[in-house]
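Report on the following structure.
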Amino acid sequence: MRDYYQVLGISREASQDEIKRAYRRLAHKYHPDKGGDGEKFKEISEAYQVLGNPEKKTQYDRFGQAFEGAGAQGGFDPGVFWGNVRGEDFDLGIDFEDIFEDFLGFTRTSKRRKDINQGKNIEIELEIDLKDTLKGVKRNINLGKKITCQRCQGSGAEPGSQVKECFSCRGTGQVQQMKKTLLGTITRYVLCPECKGQGKIPERPCNVCKGEGRIDDYQDVAVYVPSGVDTGQIMKIAGEGEAGRRGAKNGDLYVKIFIKPHSVFERKGDDLFLALPVSFTQVALGDEVEVPTLEGKKILLKVSSGIESGKIFRISGKGIPHFSGFGRGNLYIKLVIKTPKKLTKKQKELLEKLKEQGL
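The sequence shown maps to residues 0 to 358 in numbering that gives the first Met the number 0.
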């Protein structure tokens with residue numbers, strides 16, 4: 000039985016980084032494109048596929064030859080190799096999704112490449128005051144996310160070193176895989192596990208980001224909330240999500256807006272509603288009453304004598320600006336006669352006289 004540790008020239012206590020370094024060194028040496036031994040390269044790749052996978056490595060350490068024997072029955076794929084060497088494995092199962100992809104001539108490799116390297120989108124909630132919807136508001140949000148590494152400027156390479164072509168996929172970002180099924184041998188291309196589909200890897204990984212081109216940190220993001228925005232609306236800020244891996248495209252920031260309840264006004268769409276308390280004498284005799292507005296300035300409303308409680312007035316253009324940027328909603332004022340809870344002796348005497356007069 001081949002000892003995978005001996006194949007890679009490492010000890011059984013080797014870390015994943017040590018395993019990877021050993022594989023790279025030997026792969027460079029024996030790669031067929033560089034005049035190396037194809038069979039040796041195949042053996043090295045087989046060893047790395049097991050030891051480079053923590054779960055498979057654990058099984059191999061535990062079961063040894065039994066684990067290798069299980070592979071011949073389809074539990075382990077020793078024949079899948081990287082680069083231009085074509086390996087193959089045998090599987091009695093049929094993955095119809097893979098078959099359709101390969102026979103119809105398309106794969107999901109490019110989509111996977113985008114998904115695995117592009118920065119993730121971020122979703123946050125932002126609460127603003129109702130008054131902020133009049134002219135819009137700018138808020139600075141301190142976000143915890145993956146940001147571009149300043150040391151390597153996102154390349155993933157230590158300053159002074161280069162980003163070189165991936166030796167596993169030869170810069171294509173994908174590797175060839177062959178699988179035997181009941182329908183025959185299928186060749187497909189899968190994402191390169193070494194460069195994650197980018198086709199390039201740092202010659203010397205950045206000391207700060209360890210070759211990722213990004214780090215976990217906090218960053219201030221300016222969020223401008225336009226006028227007329229309403230609760231539940233979601234704004235997209237392109238490129239302000241998490242940074243992409245090694246210079247890949249950043250994710251986007253999605254901001255969901257919530258409007259704080261107001262103590263005086265109630266919003267319905269772009270209209271504002273206000274319950275305005277007035278006294279009995281004001282509605283009986285008529286008066287001019289002050290009406291508050293969301294801007295803070297008060298306007299005068301003429302109340303005719305004899306008007307009934309519950310009367311609604313409309314003041315055009317004093318509501319919320321339309322999100323389109325043209326025009327505003329209306330302000331609706333409902334008169335509500337307030338009943339005093341405590342009366343002075345003089346007030347009671349006067350009311351008794353009014354009562355005698357039929358009021």
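Ideal placement from N, C-alpha and C gives every residue a C-beta, glycine not left out.
As the structure is a prediction and not an experimental result, all values here were calculated from the model.
| Asked | Found |
| --- | --- |
| Hey, quick one: how far does the alpha helix (DSSP H) through residue 24 stretch, first residue to last? | 15 to 29 |
| Keeping to the same chain, check which residues put their C-beta closer than 6 Å to that of residue 141; ignore five residues upstream and five downstream. | 217, 219 |
| Pull up the distance between the alpha-carbon of residue 257 and that of residue 230, whole angstroms please. | 4 Å |
| Would you call residue 345 buried or exposed, if buried means 16 or more other Cβ atoms sit within 10 Å of its Cβ? | exposed |
| Do you know how far the Cα of residue 18 is from the Cα of residue 7? | 8 Å |
| In the DSSP output, what is residue 133 paired with across the bridge? | In DSSP, residue 133 forms no bridge with anything. |
| Is the separation between the beta-carbon of residue 116 and that of residue 244 shorter than 8 Å? | yes |
| Tell me the DSSP secondary structure of residue 179 in three-state form. | strand |
| Write down the C-beta distance between residue 359 and residue 191 rounded to the nearest angstrom, noting that I regard them as a contact closer than 8 Å. | Missing from the structure shown is residue 359; the chain here goes from 0 to 358 and no further. |
| Can you tell me the Cα-Cα spacing of residue 187 and residue 324, whole angstroms? | 52 Å |
| Leaving out five residues on either side along the sequence, give the residues of the same chain with a beta carbon under 6 Å from the beta carbon of residue 52. | none |
| Under the rule that 16 or more other beta-carbon atoms within 10 Å means buried, what is residue 93, buried or exposed? | Unreliable placement is indicated for residue 93, whose pLDDT of 40 sits below 50; no coordinate value is reported for it. |
| Please give the ranges of any beta strand (DSSP E) in the stretch 136 to 204, keeping only runs that are unbroken, at least 3 residues long and fully inside the region. | 136 to 147, 162 to 164, 173 to 180, 183 to 190, 199 to 201 |
| Report yes if the C-beta of residue 297 is less than 7 Å from at least one heavy atom of the ligand FMN; otherwise report no. | This structure lacks the ligand FMN; in fact it carries no ligand of any kind. |
| Judging by CA-CA distance, which residue of 306, 151, 178, 136 is the nearest neighbour of residue 277? | 306 |
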